[in-house]
Amino acid sequence: MSWSAKLSELGIQLPTVAAPVAAYVPAVKSGSHVYVSGQLPFIEGALAATGKVGGEISPEEGKAHARTCALNALAAVHSLVGIDAVVRVVKVGGFVAAAEGFTAIPAVINGASELFGEVFEDAGRHARAAVGVAELPLGAPVEVEVIFEVG
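For what it's worth, the numbering used here labels the leading residue of the sequence shown as 225, then goes sequentially.
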């Protein structure tokens with residue numbers, strides 16, 4: 225089954241690629257890899273939420289925002305090479321704007337990791353970093369960057 229068919233089976237429609245908020249492009253192909261810039265939880269061009277996870281944003285909401293970031297990453301790779309060119313998810317970098325004392329960073333980034341597992345199955349298993357930070361661009365609660373291997 226192709227990845228595009230898998231998305232359809234899961235009822236997932238890829239969003240429009242999020243416009244960059246600074247001087248960069250959404251994704252770059254180099255050799256057999258696509259490097260997707262950090263994606264914020266944009267929905268239809270608007271930031272879904274602002275605030276810190278463990279503060280104004282619950283951990284469950286943060287996890288949902290990480291999933292949105294992952295969907296935006298899929299849109300970026302699809303716009304560059306097509307989703308069916310993906311061989312595997314290589315690495316995910318997750319950043320969480322964390323309230324003081326909030327340490328469940330990995331559980332929040334699972335929102336992205338779990339989506340990649342749903343879509344790509346074993347090819348969605350990846351290396352990962354999950355980091356808590358003081359602030360993210362535009363006050364976003366979560367940011368996710370991804371490296372895909374493509375064929």
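All residues carry an ideal CB built from backbone N, CA and C; glycine is no exception.
Bear in mind the structure is a predicted one, so any value in this text is a computation, not a measurement.
Excluding its 5 nearest sequence neighbours in each direction, Ala247 has no C-beta neighbour in its own chain below 8 Å. Within the DSSP bridge table, the entry for Gly317 names Ala353, Glu369 as partners. Assignment of Leu238 by DSSP, reduced to helix, strand and coil, places it in the coil class.
Counting C-beta pairs closer than 8 Å gives fewer than three between the segment 300 to 313 and the segment 276 to 290, which falls short of the contact rule. For Pro239, same chain residues with a beta-carbon under 8 Å away, outside a window of 5 residues either side, are Phe266, Ile267, Glu268, Leu295, Asn296, Ala299 in chain order. At a Cβ-Cβ threshold of 7 Å, Lys315 and Ala351 count as neighbours.
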